[in-house]
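Residue 302 in full-length UniProt numbering sits at position 302 of the sequence shown; the count goes up by one each step and never skips. Just so it is clear, CB atoms sit at the ideal spot from N, CA and C, and this is done for glycine as well. Since this is a predicted model, take the numbers as computed values, not measurements. Accompanying notes for the structure given below.
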Amino acid sequence: MTQLIKLNENSLKDIANPKIRVPQYRMPPSAAKIGIVHIGPGAFFRAHQAWYTHQALQQHGGDWCISAVSLRSSGVSDALTEQHGLYCLAELDKETHFEVVGAIKEVLVARQQYHDVIARLTNIDTKFVTLTITEKGYCLNNQGELDLTHEDIKHDLAGTNERISAVGILVQALSVRHEKGLPAFTVVSCDNITGNGTKLKNALVSFAAQTNLTLATWLADSLTCPSTMVDSITPATDDSLRDLVQQKLNIKDNWPIKREAFLQWVIEDCLPADRPAWDQVGAILTRDVEGFEKAKLRLLNCPHSSIAYLGCLLGIETVYDAMQNTQLVEFIEKMIEEEILPSIDGPKELDAKQYSQDILQRFRNPAIRHLLSQIAWDGSQKIPMRILPIVQQNLIEGRSVALLCHALASWMHFVRLQFAKGENVVDPLAAQLKKVTDSCNGKAYNDTALFLTMTAIFPPSLAANGEFKHALEAAYINLAPVINNNQHSWSA
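Written out as structure tokens, the structure is:
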């Protein structure tokens with residue numbers, strides 16, 4: 001058996017072959033320098049932002065390699081340090097494509113190498129800091145402001161030399177840069193939080209204001225924190241992926257990554273001129289990130305939930321399987337074309353029609369096993385965000401809501417049948433939903449009226465709208481053949 005090649009900088013020349021692309025910018029003598037620090041180097045970051053940076057370096061050059069910083073865990077450092085930050089990315093589609101991503105040049109652990117982290121953040125070459133730390137990592141309260149009572153924030157404000165929160169560490173580094181006369185780096189949140197840039201900047205300024213008003217004023221005036229939106233499914237690494245990398249590429253990789261072929265990165269167009277060429281390798285710069293978020297809710301999330309509830313009623317297990325059902329696909333395509341797309345007045349950078357087609361193609365990816373039963377979770381929280389705003393807008397503007405009401409009716413049937421079968425409904429309002437379904441009798445007028453009493457989901461003004469109620473009752477009745485397992489007699 002051929003000996004496996006251990007992935008690192010020295011072996012790049014040995015693994016360059018038609019099956020896998022390798023980062024030329026990591027080859028001496030023209031190796032790129034570090035210009036970005038990323039906090040929270042999990043799988044999504046390595047499959048998404050690091051890949052965009054890798055493409056920018058590969059195609060356009062520049063000193064934009066990444067220092068990846070874990071706040072606490074040493075797992076990524078243990079896996080990637082001996083590989084000089086290199087790892088294999090498997091892009092999952094009908095065929096799997098492989099690439100060695102080289103954007104990460106060093107991996108640090110703040111808990112173990114704190115001074116090295118601060119040194120990197122205060123280095124004159126560091127011009128960007130990006131973050132994927134999940135929503136709780138920002139230590140915000142329910143109003144989206146810095147939570148000064150959070151234990152990590154209290155610890156960092158107490159004057160300790162080694163801070164433990166991302167906000168505390170960044171403010172400490174920015175304070176040093178201010179004292180040295182260095183410009184502030186640009187800070188880019190890559191967690192899907194609405195208005196993430198504004199919330200992050202406010203948190204940093206608020207933290208600084210607790211101890212140093214001069215620093216807070218400088219940050220308020222000088223710090224750039226663009227809002228962003230990110231999207232791609234990144235399944236967890238498993239032994240099957242490690243084995244695949246070994247078998248297909250003859251490479252020993254401690255921690256390969258996989259993701260779906262679809263990916264999206266939308267960045268507020270306020271970046272400095274000296275920046276990685278992200279926008280030249282697929283990232284979208286726009287003044288209207290919120291418009292992209294709205295389009296995602298309507299063109300991705302609304303069809304996703306609709307497929308989930310209708311698919312569950314049809315006995316379908318995954319999104320891919322649902323996209324093999326001609327009747328269901330025709331319904332979703334018609335709903336998008338007639339009731340969703342007309343509701344979208346998107347940013348000029350968005351081709352809504354093309355985006356909707358890309359989303360449907362994404363759903364057809366056979367390599368992604370996305371369970372409809374999981375997508376169906378938390379319907380009471382998702383429906384008011386994903387479906388009802390379109391319904392309300394269409395009613396105001398005189399457009400049909402018949403197909404959207406089929407999506408809502410399918411959720412009602414789904415919840416009712418789950419409880420009837422004695423199965424759990426994963427939803428924060430499960431107890432209230434159970435009370436509603438206990439009074440359901442399968443009759444459209446009765447059942448839909450009961451669901452519409454849930455004001456936490458349905459605004460009273462919508463629940464009282466006669467046109468909406470009529471369309472919802474009609475949809476509820478129309479789905480009866482599906483409930484009775486006569487799948488071919490349902491049509492919207």
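Item to check | Residues that DSSP places opposite F128 in a beta bridge | outcome: As a first step, residue 128 is located in the sequence shown; it is residue number 128 there, counting from the start. According to DSSP, F128 bridges with I36, T186.
Checklist entry - Would the beta-carbon of A173 fall within 8 Å of that of T211? => result Taking the first residue of the sequence shown as 1, we reach residue 173 at position 173. Taking the first residue of the sequence shown as 1, we reach residue 211 at position 211. Against a cut-off of 8 Å, the Cβ pair of T211 and A173 comes out as no contact.
Item to check | Residue burial classification, E337 (beta-carbon count within 10 angstroms, cutoff 16) | outcome: The residue given as residue 337 occupies position 337 in the sequence shown. Exposed.
Checklist entry - For the candidate residues E423, H60, L204, whose alpha-carbon lies nearest to that of A216? => result Translated into positions along the sequence shown, residue 216 becomes position 216. Considering only alpha carbons, the answer is L204.
Checklist entry - So what does DSSP say about L314, is it helix, strand or coil? => result Reading the sequence shown from its first residue, position 314 is the one you call residue 314. The answer is coil: DSSP assigns L314 none of H, G, I, E or B.
Checklist entry - Could you give the residue range of the beta strand (DSSP E) that holds L92? => result Locating residue 92 in the sequence shown gives position 92, where the first residue counts as 1. Residues 87 to 92.
Next on the checklist: Can you give me the C-alpha to C-alpha distance between R242 and E106, rounded to a whole angstrom?
Outcome noted: Here residue 242 refers to the residue found at position 242 when the sequence shown is read from its first residue. Here residue 106 refers to the residue found at position 106 when the sequence shown is read from its first residue. Using only the alpha carbons, I get a separation of about 22 Å.
Checklist entry - Candidates T228, L182, W411: which alpha carbon is nearest T194's? => result Residue mapping note: residue 194 aligns to position 194 of the sequence shown, counting from 1. Comparing Cα-Cα distances from T194 to each of T228, L182, W411, the minimum goes to T228.
Checklist entry - When DSSP labels each residue in this structure, what does V401 get in the three-state scheme? => result On the sequence shown, position 401 is the one that residue 401 refers to. V401: coil per DSSP, three-state reduction.
Item to check | Rounded straight-line distance, which links the Cα of P460 to that of Q393 | outcome: Position 393 of the sequence shown, counted from the start, is the residue given in the question as residue 393. Position 460 of the sequence shown, counted from the start, is the residue given in the question as residue 460. Roughly 15 Å separates the two Cα atoms.
Next on the checklist: Since T224 and T186 should fall inside the 8 Å C-beta cutoff, what is the C-beta to C-beta distance between them, to a whole number of angstroms?
Outcome noted: Taking the sequence shown and counting its residues from 1, the one referred to as residue 224 is at position 224. Taking the sequence shown and counting its residues from 1, the one referred to as residue 186 is at position 186. That pair is a contact at about 5 Å.
Checklist entry - Should I359 and P303 be called a contact, given that it needs their Cβ atoms to be closer than 8 Å? => result Your numbering for residue 359 matches position 359 in the sequence shown. Your numbering for residue 303 matches position 303 in the sequence shown. Yes. Within cutoff.
Checklist entry - In whole angstroms, what separates the C-alpha of T198 from that of E473? => result Within the sequence shown, the letter at position 198 stands for residue 198. Within the sequence shown, the letter at position 473 stands for residue 473. T198 and E473: Cα-Cα distance of roughly 42 Å.
Checklist entry - Terminal residues of the continuous beta strand (DSSP E) containing W265? => result For this step, residue 265 is matched to residue 265 along the sequence shown. Element bounds for W265: 264 to 268.
Item to check | Cα-Cα separation between A43 and I457, rounded to whole angstroms | outcome: As a position in the sequence shown, residue 43 is number 43, starting the count at 1. As a position in the sequence shown, residue 457 is number 457, starting the count at 1. Cα to Cα, the separation comes out at about 34 Å.
Next on the checklist: Looking only at its chain, what residues have a beta carbon closer than 7 Å to the beta carbon of W64, apart from the 5 residues adjacent to it on each side?
Outcome noted: Here residue 64 corresponds to residue number 64 of the sequence shown, with the count starting at 1. A32, G35, I36, T53, A56, L57, P276.
Checklist entry - Bridge partners of N17, per DSSP? => result Sequence index remark: in the sequence shown, residue 17 carries index 17 (1-based). Partner(s): I20.
Next on the checklist: Buried or exposed for S439, going by 16 or more other Cβ atoms inside 10 Å?
Outcome noted: Residue mapping note: residue 439 aligns to position 439 of the sequence shown, counting from 1. So S439 counts as exposed.
Next on the checklist: On the DSSP letters alone, give me the boundaries of the beta strand (DSSP E) that I284 sits inside.
Outcome noted: Walking along the sequence shown from the start, residue 284 turns up at place 284. Taken as a continuous stretch (DSSP letters only), the beta strand (DSSP E) holding I284 covers 284 to 286.
Checklist entry - Nearest CA to the CA of H406: which residue from A209, I307, E179? => result Counting from 1 along the sequence shown, the entry for residue 406 is found at position 406. Comparing Cα-Cα distances from H406 to each of A209, I307, E179, the minimum goes to I307.
Next on the checklist: If contact is defined by three or more beta carbon pairs under 8 Å, each pair taking one atom from either stretch, is the stretch 424 to 432 in contact with the stretch 325 to 340?
Outcome noted: no
Next on the checklist: Contact defined as beta carbons within less than 8 Å: I believe R399 pairs with E339. What is the distance between those atoms, to the nearest angstrom?
Outcome noted: Translated into positions along the sequence shown, residue 399 becomes position 399. Translated into positions along the sequence shown, residue 339 becomes position 339. Contact holds; Cβ gap of about 6 Å.
Item to check | As assigned by DSSP and simplified to three states, the class of L204 | outcome: Along the sequence shown, one-based indexing puts residue 204 at 204. Helix at L204.
Item to check | Cut-off 7 Å between Cβ atoms - residues of its own chain near N246, not counting five sequence neighbours on either side | outcome: Translated into the one-based positions of the sequence shown, residue 246 becomes position 246. Sequence check: residue 246 is Gln here, not Asn. Only L4, K252 meet the Cβ criterion.
Next on the checklist: Do Q49 and C38 have their beta-carbon atoms positioned less than 8 Å apart in this structure?
Outcome noted: Within the sequence shown, the letter at position 38 stands for residue 38. Within the sequence shown, the letter at position 49 stands for residue 49. Sequence check: residue 38 is His here, not Cys. Yes, the Cβ-Cβ distance between H38 and Q49 is below 8 Å.
Checklist entry - Cα separation between K94 and A367? => result Indexing the sequence shown from 1 puts residue 94 at position 94. Indexing the sequence shown from 1 puts residue 367 at position 367. Cα to Cα, K94 sits roughly 7 Å from A367.
Checklist entry - Looking at A47 and I257, is the spacing between their C-beta atoms short of 8 Å? => result Translated into the one-based positions of the sequence shown, residue 257 becomes position 257. Translated into the one-based positions of the sequence shown, residue 47 becomes position 47. Yes. Within cutoff.
Checklist entry - If we ignore side chains and look at the alpha-carbon of each, how far apart do A220 and A184 end up? => result Walking along the sequence shown from the start, residue 220 turns up at place 220. Walking along the sequence shown from the start, residue 184 turns up at place 184. Distance between the alpha carbons of A220 and A184: 11 Å.
Checklist entry - Got a sec, what are the start and stop residues for the beta strand (DSSP E) H150 sits in? => result Taking the sequence shown and counting its residues from 1, the one referred to as residue 150 is at position 150. Premise fails: H150 is in no beta strand (DSSP E) and is neither H nor E.
Checklist entry - Among R298, E317, G315, P347, which has the Cα closest to the Cα of I332? => result Here residue 332 refers to the residue found at position 332 when the sequence shown is read from its first residue. Checking every option, the nearest Cα to that of I332 belongs to R298.
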